[in-house]
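Residue numbers (our numbering), protein chains in the order written: chain P, 2 to 389; chain H, 193 to 273.
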Amino acid sequence: MGATERYIYLDHAATSHPKAPGVVAAMTSYLETVGANPGRSGHRPSATGARIIYDTRARLAGLLGVEDPRQVVFFPNATAALNQALLGWVRRGDHVVTTSMEHNSVNRPLRWLAEQREVRVSVVSGDSAGRLDPGAVAAVVDARTRLVVVNHGSNVVGTIAPIAELREAIGHVPLLVDGAQTVGSLPVDVARDGIDVLAFSGHKGLLGPQGTGGLYIRPGLDLEPLMTGGTGSRSESDEQPSFLPDRLESGTPNAVGLAGLGAALRFLEDTGVATIRARERALSERLWEGLSAIPSVLLYGPADPDERLATVSFRVAGHTPDEVGHLLDRRHGIGVRVGLHCAPAAHRTLGTFPEGTVRASAGFGTTRDDVDALVAGVAELAAEGEGA
Amino acid sequence: MNEHVVLLFPSVHDVVGAERALQKASLWCDLVPTPRDLSSNCGMSLAVRAEDIEAVRALTSRLGLKVDGMFDRPDGEWRAL
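Below, the structure is given as structure tokens:
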């Protein structure tokens, strides 16, 4: 591989790369010309920082159909957001309903709740492609169910859960949606989709930097803060503020990251999430069709591109996933993610546990040529036969 | 600063939101450190012109902005408006 050849990055489900235009400049600008902690001090750089954070929060609210930006709270990543949502809402002895397609950022906190707070967790199985039946979820929900928590888009096979239908089926039970893989890649409207709490990542589909993410919380749904501390408000008191976003945002925010996220959101507004979705759907379809034409390749997840994100998991007969990934990386300059993707439950559902799969995920920066190169690389590997 | 009126807010989010709203309505305002003698939940406040007080009141009321109080000090002592 020559020095000038561009590395083909197909791991957008992990983090998007490159970021949206303007992100790096916004972050550099913050570090070089603003610098201050936003809003905590009374001086001009601090005020500038506060305006930038406000702007990012307001844009995110607009993107998600949230009326009051105060209901959008920032966290370092979707995992921190999910932990706050789960541990801040589910009480001792409560009943929680979830699915078999969840990421460990949901399953590990649920396990903690089961062990530490005697929480009863009911798990509804997805089918062999990871699809969820809203009726099956409703059947397990009872009068004492405190929360239904559902993965919106599988990080393993991209299966998209039918959130609006789920809301219809379960009635008024609080619904927490893990949107780590979907926000920015699929249009999401919290009111239209009936979402009470939505966790999102800033550094995947939203095309912002790592270290950003957050929660949308429906007004009236009060979470107990997991972290308390300085918020730059009610400073005369040692009591945590009762109002959002301050109540759940203690400590110095990732101002430089949120400046970058703001630039990414401007790009998403200009481009349109629907446009991004159409593009990624087409790449997803091309990827699936290309791989399915190779006889020794086994594909997982829904075949219909409307039912999944631009994420595809596969195996090559006669090769372990790590061999495939390694060869793609070293020989062809293509980056994919192999293994269990922090989602052992999903792999169990798909029948790919414990060996795992090779996961290729396209994103904003991916081209048709990138997809074709992956397919060609896998075809070459498959043709070489076992243990090449 | 004596001819200005200072608006107090519960949090940074509220101050910045109010600043935006006033700027959009072409009303002069300045983000300033909350005066030491005024007790506030938030370390930043908004200064506005005394002659704009009615317009500011109307705007904050119409938009439902969370103003904790308005103060001026014509004789060197802060007084609530």
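A virtual CB, placed ideally from N, CA and C, is assigned to each residue, including glycine.
Find the residues of chain H that neighbour P246 (chain P), judging by a C-beta separation of less than 7 Å, and give them in chain order. Translated into positions along the first sequence, residue 246 (chain P) becomes position 245. H205, listed in chain order.
Buried or exposed: where does A301 (chain P) fall if 16 or more other Cβ atoms within 10 Å of its Cβ makes it buried? Reading the first sequence from its first residue, position 300 is the one you call residue 301 (chain P). Here the sequence assigns Tyr to residue 301 (chain P), which means Ala is not the residue at that position. Buried.
Where R235 (chain P) sits in the DSSP three-state scheme: Looking up residue 235 (chain P) in the first sequence gives position 234. R235 (chain P) falls in the coil class under three-state DSSP.
From the DSSP secondary-structure annotation, give me the bridge partner or partners of Y10 (chain P). Reading the first sequence from its first residue, position 9 is the one you call residue 10 (chain P). Y10 (chain P) pairs with P:G336.
Among the candidates P:H173, P:A59, P:R58, P:G40, whose CA atom is the shortest distance from the CA of A51 (chain P)? Within the first sequence, numbered from 1, the residue matching residue 51 (chain P) stands at position 50. Among P:H173, P:A59, P:R58, P:G40, the Cα nearest to that of A51 (chain P) is on P:G40.
Would you list the one or two residues that DSSP bridges to N152 (chain P)? As a first step, residue 152 (chain P) must be located in the first sequence, where it is residue number 151. BP columns for N152 (chain P) point to P:D179.
Specify the secondary structure class of G261 (chain H) as computed by DSSP and reduced to three states. Position 69 of the second sequence, counted from the start, is the residue given in the question as residue 261 (chain H). If DSSP states are grouped into helix, strand and coil, G261 (chain H) belongs with the strands.
Any C-beta of chain P sitting closer than 9 Å to the C-beta of S231 (chain H)? Residue 231 (chain H) sits at position 39 when you count from the first residue of the second sequence. It does: the Cβ of S231 (chain H) has a partner Cβ on chain P nearer than 9 Å.
Selection from P:L11, P:G334, P:A79, P:L64 that minimises the alpha carbon distance to L187 (chain P): As a first step, residue 187 (chain P) is located in the first sequence; it is residue number 186 there, counting from the start. Looking at the Cα atoms, P:L64 is the closest of the given residues.
If we count the other Cβ atoms within 10 Å of its Cβ and call it buried at 16 or more, is H327 (chain P) buried or exposed? Position 326 of the first sequence, counted from the first residue, corresponds to residue 327 (chain P). Counting Cβ neighbours within 10 Å, H327 (chain P) comes out exposed, since fewer than 16 surround it.
Give the straight-line distance between the Cα atoms of D307 (chain P) and V207 (chain H), rounded to the nearest whole angstrom. Here residue 307 (chain P) is taken as the residue at index 306 of the first sequence, counted from 1. Here residue 207 (chain H) is taken as the residue at index 15 of the second sequence, counted from 1. Using only the alpha carbons, I get a separation of about 44 Å.
Any C-beta of chain H under 9 Å from that of S186 (chain P): Here residue 186 (chain P) is taken as the residue at index 185 of the first sequence, counted from 1. No, S186 (chain P) lies away from the interface with chain H (no Cβ there is under 9 Å from its Cβ).
Nearest to P175 (chain P) by alpha carbon, out of P:A304, P:L284, P:L87? Along the first sequence, one-based indexing puts residue 175 (chain P) at 174. Closest by alpha carbon: P:L87.
Name the chain P residues whose beta carbon is nearer than 7 Å to that of L223 (chain H)? The residue labelled residue 223 (chain H) in the question sits at position 31 within the second sequence. Correct list: A48.
Terminal residues of the continuous alpha helix (DSSP H) containing M28 (chain P)? As a working note, residue 28 (chain P) is residue 27 in the first sequence. Unbroken alpha helix (DSSP H) run through M28 (chain P): 24 to 30.
Answer yes or no: does any C-beta atom of chain H fall closer than 9 Å to that of E240 (chain P)? For this step, residue 240 (chain P) is matched to residue 239 along the first sequence. Not closer than 9 Å to any Cβ of chain H, the Cβ of E240 (chain P) fails to qualify, so no.
Starting from the C-beta of P163 (chain P), find all residues in its chain whose C-beta is less than 8 Å away, skip the five residues before and the five after it, and write them out in chain order. Translated into the one-based positions of the first sequence, residue 163 (chain P) becomes position 162. Once the five neighbours on either side are set aside, the close Cβ partners of P163 (chain P) are L133, P135.
Cβ of S42 (chain P) within 9 Å of any chain H Cβ: To locate residue 42 (chain P), count along the first sequence from 1; it is residue 41. Closer than 9 Å: yes.
What's the gap between the Cα of V359 (chain P) and the Cα of L382 (chain P)? Counted from its first residue, the first sequence places residue 359 (chain P) at position 358. Counted from its first residue, the first sequence places residue 382 (chain P) at position 381. Each residue's Cα considered, the two are about 13 Å apart.
One question on the structure: do L224 (chain P) and A200 (chain P) come within less than 9 Å of each other, judged by their Cβ atoms? In the first sequence, counting from the first residue as 1, residue 224 (chain P) sits at position 223. In the first sequence, counting from the first residue as 1, residue 200 (chain P) sits at position 199. It is not a contact, given that the beta carbons lie outside the stated cut-off.
Rounded to a whole number of angstroms, what is the C-alpha to C-alpha distance between A219 (chain H) and G261 (chain P)? Taking the first residue of the second sequence as position 1, residue 219 (chain H) is located at position 27. Taking the first residue of the first sequence as position 1, residue 261 (chain P) is located at position 260. In the sequence as displayed, the identity of residue 219 (chain H) is Leu instead of Ala. Going from the Cα of L219 (chain H) to the Cα of G261 (chain P) covers about 30 Å.
Check this for me: beta carbons of I218 (chain P) and L245 (chain P), under 9 Å apart or not? Numbered from 1 along the first sequence, position 217 holds the residue referred to as residue 218 (chain P). Numbered from 1 along the first sequence, position 244 holds the residue referred to as residue 245 (chain P). Contact: yes.
Should the segment 156 to 172 of chain P be regarded as contacting the segment 338 to 358 of chain P, the criterion being three or more beta carbon pairs within less than 8 Å? yes
Cβ contact (3+ pairs, closer than 8 Å) linking the segment 99 to 109 of chain P and the segment 231 to 248 of chain P: no
Should N78 (chain P) and G203 (chain P) be called a contact, given that it needs their Cβ atoms to be closer than 9 Å? Numbered from its first residue, the first sequence carries residue 78 (chain P) at position 77. Numbered from its first residue, the first sequence carries residue 203 (chain P) at position 202. For N78 (chain P) and G203 (chain P), yes; Cβs fall inside 9 Å.
Against chain H: residues of the segment 45 to 76 of chain P by CB proximity under 9 Å: R45, S47, A48, A51, R52, I54, Y55, D56, R58, A59, P70, R71
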